[in-house]
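So the structure is just underneath, and the comments pick up after that.
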Amino acid sequence: MLVAIDVDSTLHDYWEQFSAAALRLHGVHLPYADQRAWRVDALTPEQVNEVVEATHADEAIESAIAYPGAAEAVQRWKAEGHEILITTHRRPEAHAVTARWLERQEIPFDGLRCGWKKVDHCSDVGVALLIDDAPENLEGALARGIAVATIRHPWNHDLLQQRPEITHGDDWHALASGLRPLLGWPTSP
Ligand SMILES: [Mg+2]
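For the numbering used here, add 308 to where a residue sits in the sequence shown, where the first one is 1.
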């Protein structure tokens, strides 16, 4: 099965970086629990772009730590014979540093795509499962018949209530366990 996996807020805690940059650059507090939509009303679109740019600088990308259990789950899926496409809306220039980060975090991948129109691309290349936190990506993939899963965050909580077919977990252990019917999970010796 071809499995596409997002990076920010899926493989690591992006909100911590985003909110720290918003505070540093614009003096705005953005508590995680209050972030009920993937929209930031306290910042102008230009300020949001500035904050995203800051979090996607090489040093910021390299300083992130993958969520516990993420690397282990992806390693096991790969060992089961699944193909892993890492797909992120980071700018194409972030490809090399993102690849280095994945390697350092021991997250194996067959392909890495940095760029927009993620769901269209997933559909074009035959992705069967997309793991992504953004409600618009989850809904877009579902509309194209792609199975979806996510780490639960305040901004996708409402969608998860409405769409019980979205596999989700509060952490990677719960998520991998929820995906077992779809992806399998080799039994430990
Ligand atoms: Mg994301």
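Note that CB positions come from ideal geometry on N, CA and C, so glycine has one too.
**Message:** Looking at residue 352: is its Cβ nearer than 8 Å to the Cβ of residue 439?
**Reply:** Position 44 of the sequence shown, counting from 1, holds the residue named residue 352. Position 131 of the sequence shown, counting from 1, holds the residue named residue 439. It is not a contact, given that the beta carbons lie outside the stated cut-off.
**Request:** Enumerate in chain order the residues of its own chain whose CB-to-CB distance from residue 419 is below 6 Å, with the five nearest sequence positions on each side excluded.
**Result:** Here residue 419 corresponds to residue number 111 of the sequence shown, with the count starting at 1. Contacts found: 393.
**Asked** At what residue ranges does the segment 361-423 contain a whole run of the beta strand (DSSP E), taking only runs of 3 or more?
**Response** 391-396 and 419-422
**Item:** Own chain residues within Cβ distance below 7 Å of residue 422, not counting five before or after
**Value:** As a first step, residue 422 is located in the sequence shown; it is residue number 114 there, counting from the start. Contacts found: 396, 398, 399, 400, 402, 403 and 406.
**Message:** Which residues does DSSP list as the beta-bridge partners of residue 316?
**Reply:** Position 8 of the sequence shown holds residue 316. Residue 316 pairs with 320.
**Request:** Can you give me the Cβ contacts of residue 344 inside the same chain, cut-off strictly under 8 Å, excluding the 5 residues immediately before and after it?
**Result:** Residue numbering aside, residue 344 sits at position 36 when the sequence shown is read from its first letter. Counting only Cβ-Cβ distances below 8 Å, and skipping sequence neighbours, we find 462, 463, 465 and 466.
**Euclidean distance between Cα positions of residue 321 and residue 357** = Here residue 321 is taken as the residue at index 13 of the sequence shown, counted from 1. Here residue 357 is taken as the residue at index 49 of the sequence shown, counted from 1. Taking the straight line joining both Cα atoms gives about 19 Å.
**Given 8 Å, three or more beta-carbon pairs between the segment 478-487 and the segment 366-376** = yes
**Other residues of its chain near residue 331: CB distance less than 8 Å, five sequence neighbours each side excluded** = Working through the sequence shown from its first residue, we reach residue 331 at position 23. Excluding residues within five positions, the ones whose Cβ falls inside 8 Å are 337 and 338.
**Request:** Check each residue's C-beta against every heavy atom of ligand 1 and list, in chain order, those closer than 7 Å.
**Result:** 314, 315, 316, 317, 318, 322, 440, 441 and 442
**Message:** Measuring straight from C-alpha to C-alpha, what distance separates residue 468 and residue 341?
**Reply:** Looking up residue 468 in the sequence shown gives position 160. Looking up residue 341 in the sequence shown gives position 33. C-alpha separation (whole angstroms): 16 Å.
**Minimum length 3: unbroken beta strand (DSSP E) runs contained in the segment 415-482** = 419-422, 437-439, 455-459 and 475-477
**Prompt:** With a CB to CB cut of under 7 Å and the five nearest residues on each side skipped, what residues in its chain are close to residue 366?
**Reply:** The residue labelled residue 366 in the question sits at position 58 within the sequence shown. Closer than 7 Å at Cβ, skipping near neighbours: 405.
**Message:** Looking only at its chain, what residues have a beta carbon closer than 6 Å to the beta carbon of residue 452, apart from the 5 residues adjacent to it on each side?
**Reply:** Mapped onto the sequence shown, residue 452 falls at position 144. Here the set comprises 431.
**Asked** residue 310 by DSSP, collapsed to three states: which one?
**Response** Position 2 of the sequence shown, counting from 1, holds the residue named residue 310. Here residue 310 sits in strand by DSSP.
**Prompt:** For the candidate residues 359, 348, 458 and 488, whose alpha-carbon lies nearest to that of residue 328?
**Reply:** Within the sequence shown, residue 328 is the residue found at index 20, counting from 1. Among 359, 348, 458 and 488, the Cα nearest to that of residue 328 is on 359.
**Request:** State yes or no: is the C-beta of residue 487 nearer than 7 Å to some heavy atom of ligand 3?
**Result:** This structure lacks ligand 3; the ligands present are ligand 1.
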